[in-house]
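S.K.: Sequences listed follow chains A, B, C and D, in order.
Per full-length UniProt numbering, the first sequence starts with residue 1, numbered consecutively.
Per full-length UniProt numbering, the second sequence starts with residue 1, numbered consecutively.
Per full-length UniProt numbering, the third sequence starts with residue 1, numbered consecutively.
Per full-length UniProt numbering, the fourth sequence starts with residue 1, numbered consecutively.
Number of protein chains: 4
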Amino acid sequence: MEILSSVSIPKRKDETHKGDYGKILLIGGNVNLGGAIMLAARACVYSGSGLITVATHPTNHAALHSRCPEAMVIDINDTKMLTKMIENTDCILIGPGLGCDFKGNNAITFLLQNIQPHQTLIVDGDAITIFSKLKPAIPTCKVIFTPHQKEWERLSNIPIEEQTDERNREAADRIGATIVLKKHGTEIYFKDNEYKLPIGTPAMATGGMGDTLAGMITSFVGQFNDMQEAVTSAVYAHSFIGEKLAETMYVVPPSRLISEIPHIMKTLED
Amino acid sequence: MEILSSVSIPKRKDETHKGDYGKILLIGGNVNLGGAIMLAARACVYSGSGLITVATHPTNHAALHSRCPEAMVIDINDTKMLTKMIENTDCILIGPGLGCDFKGNNAITFLLQNIQPHQTLIVDGDAITIFSKLKPAIPTCKVIFTPHQKEWERLSNIPIEEQTDERNREAADRIGATIVLKKHGTEIYFKDNEYKLPIGTPAMATGGMGDTLAGMITSFVGQFNDMQEAVTSAVYAHSFIGEKLAETMYVVPPSRLISEIPHIMKTLED
Amino acid sequence: MEILSSVSIPKRKDETHKGDYGKILLIGGNVNLGGAIMLAARACVYSGSGLITVATHPTNHAALHSRCPEAMVIDINDTKMLTKMIENTDCILIGPGLGCDFKGNNAITFLLQNIQPHQTLIVDGDAITIFSKLKPAIPTCKVIFTPHQKEWERLSNIPIEEQTDERNREAADRIGATIVLKKHGTEIYFKDNEYKLPIGTPAMATGGMGDTLAGMITSFVGQFNDMQEAVTSAVYAHSFIGEKLAETMYVVPPSRLISEIPHIMKTLED
Amino acid sequence: MEILSSVSIPKRKDETHKGDYGKILLIGGNVNLGGAIMLAARACVYSGSGLITVATHPTNHAALHSRCPEAMVIDINDTKMLTKMIENTDCILIGPGLGCDFKGNNAITFLLQNIQPHQTLIVDGDAITIFSKLKPAIPTCKVIFTPHQKEWERLSNIPIEEQTDERNREAADRIGATIVLKKHGTEIYFKDNEYKLPIGTPAMATGGMGDTLAGMITSFVGQFNDMQEAVTSAVYAHSFIGEKLAETMYVVPPSRLISEIPHIMKTLED
Numbered sequence: 001m002e003i004l005s006s007v008s009i010p011k012r013k014d015e016t017h018k019g020d021y022g023k024i025l026l027i028g029g030n031v032n033l034g035g036a037i038m039l040a041a042r043a044c045v046y047s048g049s050g051l052i053t054v055a056t057h058p059t060n061h062a063a064l065h066s067r068c069p070e071a072m073v074i075d076i077n078d079t080k081m082l083t084k085m086i087e088n089t090d091c092i093l094i095g096p097g098l099g100c101d102f103k104g105n106n107a108i109t110f111l112l113q114n115i116q117p118h119q120t121l122i123v124d125g126d127a128i129t130i131f132s133k134l135k136p137a138i139p140t141c142k143v144i145f146t147p148h149q150k151e152w153e154r155l156s157n158i159p160i161e162e163q164t165d166e167r168n169r170e171a172a173d174r175i176g177a178t179i180v181l182k183k184h185g186t187e188i189y190f191k192d193n194e195y196k197l198p199i200g201t202p203a204m205a206t207g208g209m210g211d212t213l214a215g216m217i218t219s220f221v222g223q224f225n226d227m228q229e230a231v232t233s234a235v236y237a238h239s240f241i242g243e244k245l246a247e248t249m250y251v252v253p254p255s256r257l258i259s260e261i262p263h264i265m266k267t268l269e270d
Numbered sequence: 001m002e003i004l005s006s007v008s009i010p011k012r013k014d015e016t017h018k019g020d021y022g023k024i025l026l027i028g029g030n031v032n033l034g035g036a037i038m039l040a041a042r043a044c045v046y047s048g049s050g051l052i053t054v055a056t057h058p059t060n061h062a063a064l065h066s067r068c069p070e071a072m073v074i075d076i077n078d079t080k081m082l083t084k085m086i087e088n089t090d091c092i093l094i095g096p097g098l099g100c101d102f103k104g105n106n107a108i109t110f111l112l113q114n115i116q117p118h119q120t121l122i123v124d125g126d127a128i129t130i131f132s133k134l135k136p137a138i139p140t141c142k143v144i145f146t147p148h149q150k151e152w153e154r155l156s157n158i159p160i161e162e163q164t165d166e167r168n169r170e171a172a173d174r175i176g177a178t179i180v181l182k183k184h185g186t187e188i189y190f191k192d193n194e195y196k197l198p199i200g201t202p203a204m205a206t207g208g209m210g211d212t213l214a215g216m217i218t219s220f221v222g223q224f225n226d227m228q229e230a231v232t233s234a235v236y237a238h239s240f241i242g243e244k245l246a247e248t249m250y251v252v253p254p255s256r257l258i259s260e261i262p263h264i265m266k267t268l269e270d
Numbered sequence: 001m002e003i004l005s006s007v008s009i010p011k012r013k014d015e016t017h018k019g020d021y022g023k024i025l026l027i028g029g030n031v032n033l034g035g036a037i038m039l040a041a042r043a044c045v046y047s048g049s050g051l052i053t054v055a056t057h058p059t060n061h062a063a064l065h066s067r068c069p070e071a072m073v074i075d076i077n078d079t080k081m082l083t084k085m086i087e088n089t090d091c092i093l094i095g096p097g098l099g100c101d102f103k104g105n106n107a108i109t110f111l112l113q114n115i116q117p118h119q120t121l122i123v124d125g126d127a128i129t130i131f132s133k134l135k136p137a138i139p140t141c142k143v144i145f146t147p148h149q150k151e152w153e154r155l156s157n158i159p160i161e162e163q164t165d166e167r168n169r170e171a172a173d174r175i176g177a178t179i180v181l182k183k184h185g186t187e188i189y190f191k192d193n194e195y196k197l198p199i200g201t202p203a204m205a206t207g208g209m210g211d212t213l214a215g216m217i218t219s220f221v222g223q224f225n226d227m228q229e230a231v232t233s234a235v236y237a238h239s240f241i242g243e244k245l246a247e248t249m250y251v252v253p254p255s256r257l258i259s260e261i262p263h264i265m266k267t268l269e270d
Numbered sequence: 001m002e003i004l005s006s007v008s009i010p011k012r013k014d015e016t017h018k019g020d021y022g023k024i025l026l027i028g029g030n031v032n033l034g035g036a037i038m039l040a041a042r043a044c045v046y047s048g049s050g051l052i053t054v055a056t057h058p059t060n061h062a063a064l065h066s067r068c069p070e071a072m073v074i075d076i077n078d079t080k081m082l083t084k085m086i087e088n089t090d091c092i093l094i095g096p097g098l099g100c101d102f103k104g105n106n107a108i109t110f111l112l113q114n115i116q117p118h119q120t121l122i123v124d125g126d127a128i129t130i131f132s133k134l135k136p137a138i139p140t141c142k143v144i145f146t147p148h149q150k151e152w153e154r155l156s157n158i159p160i161e162e163q164t165d166e167r168n169r170e171a172a173d174r175i176g177a178t179i180v181l182k183k184h185g186t187e188i189y190f191k192d193n194e195y196k197l198p199i200g201t202p203a204m205a206t207g208g209m210g211d212t213l214a215g216m217i218t219s220f221v222g223q224f225n226d227m228q229e230a231v232t233s234a235v236y237a238h239s240f241i242g243e244k245l246a247e248t249m250y251v252v253p254p255s256r257l258i259s260e261i262p263h264i265m266k267t268l269e270d
């Protein structure tokens, strides 16, 4: 397992426009958990996504727009609109604040029926739990799971205390997806290689921090050509900001971390 | 085509009040795209408009007020109120987040029936697409279109790869309006002359950046006597801020750019 | 007329609590103009009021709380609750975003029936226009009007071009209230003396700036024992902040000015 | 009574995750007083709580998420959901903006029927007043009351002018709970000892400051093993921030104090 000791982010080319930086669809946020998808959406804006649409319960629309006017919103229950948005998207995140009830199940089932092979799917939070239960066929597009250890236990059937590199590797191969295993020393399992993150801080152990990372990964994957570089850059940048802010903060609120993204990305630029 | 290498913004006179700095009406923001008109509205406030009214779908009112309490709001579907606001306005922006469906069509048709020759109309975003389809008579007032290249293709019928200075000039004359053609090296076509912007950065290639520019142009036109100076100043200031922020930011979120407007305007003051 | 060349703000005493710094009621904000009362409310919080209640249309509650969680809200149409709040209040502001229709009239009529002699009433914005039309008896409590020149013309019947110190003095005496006449060189007419403000800047000529001043005056009057000192301090501090921010800002957005209030008050402290 | 002259906050351990930093439930915020629970929630986020759920009236959900997307929300009247949340929580705060009517009574009665011995209950604001009236049996879990002097009078039956250390001590013993008596020189009565706070400033005498403290206490108690250390640290840090900000601010708005919490906690870290 390679230590992820540095990353570099591609410099933007002059003759480009917002259409070159990814069309992103974020699906999540039920009546109780709307904040999670708002954090993911704002993380996408501050990471540089060109076009961001959020499919969430209507109760979340006002707060989402209040914090993040750069994103568009649709009703997560409007299947006609959702179908259209899925079609026109490069990269889809599902999970933050989705909830684990039948509505969450439905959203995932619906998405899997409509997703296309050229797209990339990021599965986070509640969507991982639902995947673990429903065990649907993994779609033929690129798929990235972003579990913490408990969610990985559910998805891989490996108890936390037995989650060794070897067994994780086997499970990732079996599942057929990229795995970002969030923990102290986050690990990333791609098809052909693995990375371990040498940075990070317990000051980042707060609610919403995973949603923020999911947004960053989605945005980076939508912007950059190389999926592996996109994922490693997002994971690295996320913890790099956390470490930097933790020098003067006991805890790093996700909202605060998000504001820092464009500055850190600049310092990591090629 | 003249290079727009600098601009200057008129100093405010002591014996003035908010009524001297423009009555602005912004029309846009449907159920899904409300953030666009919120960005335009806040850009107006930070550019110095005296009085700003936003006609938008009621679902957007809470978020708009939350981010921008300086603006007034009306229901875009309340034609009686809208008629009254159009009458009492110097300068009208239509388009950000308007949507391209029949409701957007109706809003434009209604506006064109009520707009008056002494007013200035700025047409942005979805409203350009609708204009391209409906092909209504251009009203007798001053009109400014702010298309990106794809929108300009729709409006002018010139494919992007054939958009030369000469053909753009001809199309602008045929349409009978000022054209702000947004791209790397933004071009402005007035009745008698053209400018090319030598500044700008791909860090500005993000969703909402065009809405922000549309708000700035509307505000500047409402404040300053010379329409051409107003447009060139707004376009220049917008990219000038973007370049400056991009020195330390990989991407420039529109919300962040807006906060900087009054500071840059001060440095560009006569 | 004395030049208001400096003010001083009383130092807070150690053995005090929020109840010592005024119970404030702000009445305003209809369906279209809610932002005005939000600005006034946040100005009160940042000026140091102990307890702030805002009576406004329910459509404004979410945005108000989003920007200003320190304030309480009630429905402006809930007369039972409004009666109770009026009873328990030291100082009442009516007007920002109230609207000039029958609902605004009703709110004023209702307030005048319930206000008590020991309270102070600040009348701003639309409420001044309604007072000018309805011509109700001025209540026996202390009353402060905060008109701009056009509103003063309506209230005093003196055309703007004839608004001399002498005629303003006469009108203030006739009306029997304190007048804060907002203009370049704002003038304050108390019962026994007058002040002219030597500071201020056209960078403050923006929508919402008057609502902000109204909030500051209300807060200061609620906190400080001497009403005249409270009014002069608020007016002075408001323009002092504006001048300071205008050194680096072409225009001063009211939201930005409000954030600065506690800092300037500290520098003006006894 | 010991002077609380310094505190220290435990350093976070590397191998930890958000689940190690407390599951918190905040109950409060009726139709009129929603801002109070929003302040408490954001104070919890900035103090480092792992998981925060807010049970409040649905009218407050949008504003809460707008200011504090890190928190989850549930309807305070949804007893089924509330039962489930109470079960899964370490530490519960009830009171900020709860209101003193029958709905507030019901919420407290319901909570007392469901709370479990291993949990900690913090009782603040309106909930103290209701406790004083209803006089329910104090639950067997750890209980902390955070009254100001008037609320302490209601709870202890000791008139403010007779609130001596001895009588307060007796009342705390009789009630069988920890008392944080908020005043100039805040006092804390634990089972076996007492502390007096030597810091604080009248610049903190503003509406919402108590809600902020209640949020901090709840968050600290949820995070740290030693309840007494948690309470003293929260009380000390709150006033320490207030004093520091008051060096340059005449009044300290609670929203502003909250943003500073992680920075001060870092300076107080072991």
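We put the CB at the ideal spot given by N, CA and C, even for glycine.
(1) What in chain A is Cβ-close to Pro-253(D), meaning under 7 angstroms?
(2) Kindly indicate which three-state DSSP category His-65(A) falls into: helix, strand or coil?
(3) If you count every other CB in all the chains shown that lies within 10 Å of the CB of Leu-181(A), and 16 or more means buried, which is it?
(4) By Cβ distance below 6 angstroms, which residues in the same chain neighbour Met-38(C) in space, the five residues on each side in sequence not counted?
(5) Count the C-beta pairs between the region 27-38 of chain D and the region 34-51 of chain C that are closer than 8 angstroms, then say yes if the count reaches three, no if not.
(6) Considering Lys-135(C), what are the terminal residues of the beta strand (DSSP E) in which it resides?
(7) Give a yes or no on whether the C-beta atoms belonging to Val-235(C) and Leu-268(C) are separated by under 8 angstroms.
(8) Go ahead and pull the three-state DSSP assignment for Lys-142(B).
(9) For Ala-177(C), which of helix, strand or coil comes out of DSSP?
(10) Taking the beta strand (DSSP E) that Leu-73(C) belongs to, which residues open and close that run?
(11) For Ala-205(B), which of helix, strand or coil comes out of DSSP?
(12) Please go through the same chain and pick out, in chain order, the residues whose beta-carbon is closer than 6 angstroms to the beta-carbon of Met-204(A), but skip the five residues on each side of it.
(13) Please list, in chain order, the residues of the region 240-269 of chain C that have any C-beta partner in chain B closer than 9 angstroms.
(14) Determine, for Asp-226(B), whether the minimum Cβ-Cβ distance to residues of chain C falls below 8 angstroms.
(15) Taking C-alpha atoms, which residue in Tyr-195(A), Pro-254(A), His-118(A) and Gly-99(A) lies nearest to Leu-4(A)?
(16) Could you say which of Ile-217(C), Val-73(C) and Pro-117(C) lies nearest to Glu-87(C) if we only look at CA atoms?
(17) Rounded to whole angstroms, how far is the Cβ of Ala-237(C) from the Cβ of Ile-261(C), which I believe are closer than 8 angstroms?
(18) For Tyr-250(D), which three-state DSSP category applies?
(19) According to DSSP, simplified to helix, strand and coil, what is Lys-23(A)?
(20) Quick check: what's the CA-CA separation for Asn-193(B) versus Gly-97(B)?
(21) How would you label Lys-18(C), buried or exposed, when you count the other beta carbons within 10 angstroms and need 16 or more for buried?
(22) So what's Lys-11(C) in DSSP terms, helix, strand or just coil?
(23) Leu-51(C) by DSSP, collapsed to three states: which one?
(24) Could you say which of Ala-71(C), Leu-82(C) and Gly-176(C) lies nearest to Cys-44(C) if we only look at CA atoms?
(25) Excluding five sequence neighbours on each side, which residues of the same chain lie with their C-beta closer than 7 angstroms to the C-beta of Thr-129(A)?
(26) Determine the chain C residues that contact Ala-62(A) at a beta-carbon separation under 8 angstroms, and present them in chain order.
(27) Closest to Met-216(C) by CA distance: which of Gln-119(C), Ala-127(C) and Val-231(C) is it?
(28) Using the C-alpha atoms, what's the distance from Ile-264(B) back to Leu-26(A)?
(29) With a threshold of 16 other CB atoms inside 10 Å of the CB of Ser-219(C), please say whether the residue is buried or exposed.
(30) For a contact meaning CB atoms closer than 8 angstroms, what does Thr-129(D) contact in chain C?
M.R.: The answer reads as follows:
(1) Within 7 angstroms Cβ-Cβ: nothing; Pro-253(D) doesn't reach chain A, min ~18 angstroms.
(2) helix
(3) buried
(4) Leu-64 and Arg-67
(5) no
(6) Run containing Lys-135(C): none; DSSP gives neither H nor E here.
(7) In this structure, Leu-268(C) does not lie closer than 8 angstroms to Val-235(C) by Cβ.
(8) strand
(9) If DSSP states are grouped into helix, strand and coil, Ala-177(C) belongs with coil.
(10) One point to set straight first is that residue 73(C) is Val, not Leu, in the sequence displayed. First-last of the beta strand (DSSP E) with Val-73(C): 72-75.
(11) coil
(12) Gly-242 and Val-252
(13) Leu-245, Ala-246, Glu-247, Thr-248, Met-249, Tyr-250, Val-251, Val-252, Pro-253, Pro-254, Ser-255 and Arg-256
(14) Interface residue (Cβ-Cβ distance to chain C less than 8 angstroms): Asp-226(B) is not classified as such.
(15) Nearest to Leu-4(A) by alpha-carbon distance, out of Tyr-195(A), Pro-254(A), His-118(A) and Gly-99(A), is Tyr-195(A).
(16) That would be Pro-117(C), whose Cα lies nearest to the Cα of Glu-87(C).
(17) 7 angstroms
(18) coil
(19) strand
(20) 30 angstroms
(21) buried
(22) coil
(23) strand
(24) Ala-71(C)
(25) Within the same chain, and ignoring the five residues on either side of Thr-129(A) in sequence, the residues whose Cβ sits closer than 7 angstroms to its Cβ are Cys-100, Glu-151 and Arg-154.
(26) Ala-62
(27) Val-231(C)
(28) 35 angstroms
(29) buried
(30) Those do not exist, as Thr-129(D) stays about 15 angstroms from chain C at its closest Cβ, beyond 8 angstroms.
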